[in-house]
Amino acid sequence: MSVYINGIGTVSSQTIDTRSLELNLSEKQSNRYLCIEPDYKDLIPPMQLRRMSKVIRIGIASAKQALSDAGLETPDIITLGTAYGCLSDTENFLGKILTQNENMLTPTAFIQSTHNTVSGQIALLTQCFGHNFTYVHKGHSFETALQESMMWMKENESIENFSALIGGIDEMPNDTFDIISRFGTYKNEDENFESQSEGTIAGEGANLFVVSHQKNDNSYAKCLDVCLVNHSNIQESLHDFLAQNDLNEHDIDTCLVGINGDTRYDELILNNLSTLKSAELLGFKKYCGEYPTSNAFAFCLGSLILKNQVIPDKLYLKQSSIHHQTPKNVLIYNHYKNRYHSFILLQRI
Amino acid sequence: MKTEIINNVWIAGLGAISSIGLNVSENLKSLRNQNSGIGYPMFLDTIHKNDIPVCEIKMSNTELEELSQMKSHLPRTAYLSAIAAKEAMMDLHLNSGLISQSTSLQSLLSSYRIGFISGNTLGGMDRSEAFYNEFIHDRAKGHLRDVIHHECGSITDLVANHLNIHHFVTTISTACSSSANAIIHGSRLLKHNKLDIVIVGGADALCKFTLNGFNTLMILDSQPSKPFDENRKGLNLGEGAAYLVLISDRVKEELKLKTYAKVAGYANANDAFHQTASSAEGNGNYKAMLDALTMSKIDRKHIQYINAHGTGTGNNDSSEGIAIQRLFENELPLISSTKANTGHTLGACGGLEAVYSCLAIEHNLIFPNLRHETQMKELDFKPCINLITDIEVNNVMSNSFGFGGNCTSLIFSNEKN
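Chains as they are written, first to last, in the numbering used here: chain A, 1 to 349; chain B, 1001 to 1417.
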């Protein structure tokens, strides 16, 4: 059952105005993209803001943006994905346990370290008493939340304007960045996304959406389906997924692909899409960095592209290709470290 | 028009490990004998080892590693999870009428879409603590093998690989309702025909992080906890893992499976009151129980037993008790909290108590609420304090409530309904 994307809230390393036709994307010279945080003045009371770690701030800001964009005060359900949860509060409390040898500890960081802090806080702020889930399954966290919301829509077709607030949130605080760097995940400090080297660029972000089985005046696009790939043959999985949605490879005119600048994976990932003969390939991680819920950023871009019918030149992987002026079927293909492959199908309304 | 609800969700396998038993039958025996796992920790390395009692599984990581047949240096939670999930799978095998015709569980299940959905709240935090101890002094130090499984999802992946389950794997982390919510998600996936068989539940091991965290909140009892007692002082932390194998009607028929019960109702609601405290009236608790009951279509007077969340904290037991009273009015079922036996096992408790609920139905038992002395002033009821054996238990409600206002209620029902 397809769902309509009726509201978007996005905090990322880009400044994206969802109301503007123009998508301003800027390149960064860094191996770590941090979020450009919004002005919280109208979003979160200053007293509350002071206690909030970054992932909570950006999560709540995105939620408020998405709800206001959809003209909704309270969603019926909330279902989020976060691979890491509230890392800075976790790092903070863990550090104090060890440096203070379990003495003189205060509860704030512990309270906020729980993985469902953001979804719980959104429920509190919007007085949403409905179903409230947080998926924490690595590179499939956002996709699981999206999949769940689609099942809810099917169950609640008869309820007018039944809406879910869904999204993907993750932060990349210092300790985590340093630790993950030691696994050789990221490029060197003096490199950027374009550097032909092993490793990717670290990212973070909060991209939330209001989805419903009904469209409204603000609707961006329709999400037809999501596939959490469980098969080693990616091309076969893609073919089956498209067939289940009465489509084939030639119907896909645009594909947002999760290549991440890591020479170990990019070619492999692009090869998996070699059957998409009619599709323009667009890269999104150059603008949001790599993190397990980065697909929510692609979901935001895909929705904007379909609504505005404009593809920013900067997204094209091949500048020479024939640019489609009327994107209709957008496929999002993502992975995390060549695992957690997923497909999402978006369609123009 | 609702297009889902294509079939029933049956429970055809159980697995559990806790401080009162290393498998389901040991847990049942301890519940019957009114044993508790409470005591000072032997394996948890903390400065509080002589002042905060916990419900610890009396096995070292090395012993758990052997029991689980997994590799070494993994988080304790992964070992617990694998042991209980494996038991649930083996139990499914034993419950199949085709066992004699089939050579292995693997071949029996080869044509089905199988999923694994697990809840946990701390991932590999015990190993992360060891890593951080070195890392905070020198950022180049600390064994990477200790931090590689930090994420909650890693634990699920480790166990899914161990069980050779790849069709669908996910992790839910909603604090103390995590594994109850895994049961909801698994049930929903079966109803939407996205899976045929799904192993659902959760796991959490004791670690410094939670012990100190709950200690800063001043909700840990320095004595064995007394859920639903007027003089309760707080909760005891515990550790464990528990899983249920959920199957569709088709699988039940094809594998000639004996089942324990069906998942008759479920609901998750949010209290939307406070990050760590429940509203005085238990609004989220009430909504979760009401919605689960509505879905089950079971009359409230036919619920024989509520396995309560009953942590033993002032706040939880009051809110939960009031919400139960509001919903059941003068038709209160028997109520007890088995957390007096097992401690509060956080991400595992919903799964563990779901297993206990199935055992209550299977053996027609009501488990007593240990150490209860004085009825709470704000409640009209006291929990069931004796083991009840001369009763027919058909329908059981199991509650799990957590931080972030997360409230879950599940209803298990036997076939006769």
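Yeah, the Cβ is synthetic: ideal placement off N, Cα and C, and Gly gets one too.
### Query
Fully enclosed by the segment 1179-1253 of chain B, which beta strand (DSSP E) runs are 3 residues long or longer?
1197-1204 and 1240-1247
### Message
I'd like to know whether the C-beta atoms of Ser62/A and Leu208/A end up nearer to each other than 8 Å.
### Response
yes
### Task
Please list the partners that Tyr84/A has in chain B, where partner means a Cβ-to-Cβ separation under 8 Å.
Glu1151
### Which of helix, strand or coil DSSP assigns to Ser119/A
helix
#### Entry: 8 Å Cβ cutoff met for Cys1152/B and Ser1177/B
no
### Task
Give the residues of chain E in contact with Met151/A, contact being defined as C-beta atoms less than 7 Å apart.
Reference to chain E is not applicable here, since the protein chains of this structure are A and B.
### Query
What are the complete alpha helix (DSSP H) segments, minimum 4 residues, inside the segment 1033-1064 of chain B?
none
### Query
Cβ of Phe93/A less than 8 Å from any chain B Cβ?
yes
### Query
Between the C-alpha atoms of Pro1075/B and Val1159/B, what's the straight-line distance to the nearest angstrom?
11 Å
### Query
Would a C-beta distance cut-off of 8 Å place Leu1246/B and Val1024/B closer than the cut-off?
no
### Message
Once the 5 residues before and after Ala145/A are set aside, which same chain residues still bring their CB inside 6 Å of it?
### Response
Thr79, Leu80, Gly81, Tyr135 and Ile166
### Message
So if I threshold CB-CB distances at 7 Å, which residues from the segment 190-206 of chain A count as touching chain B?
### Response
none
### Test: Lys1287/B CB closer than 8 Å to a CB of chain A
yes
### Distance between Asn1181/B and Ile1385/B (C-alpha atoms, nearest Å)
28 Å
### Task
Following the continuous beta strand (DSSP E) through Glu280/A, name the residue where it begins and the one where it ends.
Glu280 to Gly283
### Query
What are the start and end residues of the beta strand (DSSP E) that includes Gly1282/B?
Note, Gly1282/B: premise wrong, no beta strand (DSSP E); not H, not E.
### Task
Just the C-alpha distance for Asp1204/B and Ala1241/B, rounded to the nearest angstrom, thanks.
7 Å
#### Entry: Ile1017/B - DSSP class collapsed to helix/strand/coil
strand
### Query
Once you ignore the five residues that flank Glu1004/B on each side, which residues in its own chain have a CB closer than 7 Å to its CB?
Interpretation of Glu1004/B is limited by its pLDDT of 49, a score under 50 that renders its predicted location unreliable; the figure taken from the coordinates is listed afterwards. Excluding sequence neighbours, Glu1004/B sits near Lys1191 and His1192.
### Task
Run down chain A in chain order and give the residues with a C-beta less than 8 Å from the C-beta of Arg1139/B.
Asp178
### Task
Over the uninterrupted alpha helix (DSSP H) stretch that includes Ala1340/B, give me the two end residues.
Lys1339 to Thr1342
### Query
Is Gly184/A helix, strand or coil when you go by DSSP?
coil
### Query
Can you find at least 3 beta carbon pairs, one from the segment 40-60 of chain A and one from the segment 168-183 of chain A, that sit closer than 8 Å?
yes
### Task
Could you please tell me which residues of the segment 1310-1326 of chain B, in chain order, have their CB closer than 9 Å to any CB of chain A?
none
### Message
Is there a C-beta anywhere in chain B that falls below 8 Å from the one on Asn338/A?
### Response
no
### Query
Between Leu1031/B and Asn1369/B, is the Cβ-Cβ spacing less than 8 Å?
no
### Query
Can you list, in chain order, the residues of the segment 1261-1276 of chain B whose Cβ is nearer than 9 Å to any Cβ on chain A?
Ala1267, Asn1268, Ala1269, Asn1270, Asp1271, Ala1272, Phe1273, His1274, Gln1275 and Thr1276
### Query
From what residue to what residue does the alpha helix (DSSP H) around Arg51/A run?
Pro46 to Arg51
### Query
Fully enclosed by the segment 1369-1405 of chain B, which beta strand (DSSP E) runs are 3 residues long or longer?
1395-1402
### Query
Would Glu102/A count as contacting chain B if we go by Cβ distances under 8 Å?
yes
#### Entry: Validate contact between the segment 186-205 of chain A and the segment 22-36 of chain A using beta carbons, cut 8 Å, 3 pairs
yes
### Message
One question on the structure: do Leu1255/B and Ser1096/B come within less than 8 Å of each other, judged by their Cβ atoms?
### Response
yes
### Message
Can you tell me whether Gln347/A is helix, strand or coil according to DSSP?
### Response
strand
### Task
Would you kindly work out how many angstroms separate the C-alpha atoms of Phe129/A and Ala1267/B, rounded to a whole number?
12 Å
### Query
Just how far apart, CA to CA, sit Phe1412/B and Ile259/A?
46 Å
### Query
By the criterion of Cβ-Cβ separation under 9 Å, what are the contact partners of Phe1209/B in chain A?
Thr90, Phe93, Leu94, Ile97, Phe110 and Ser113
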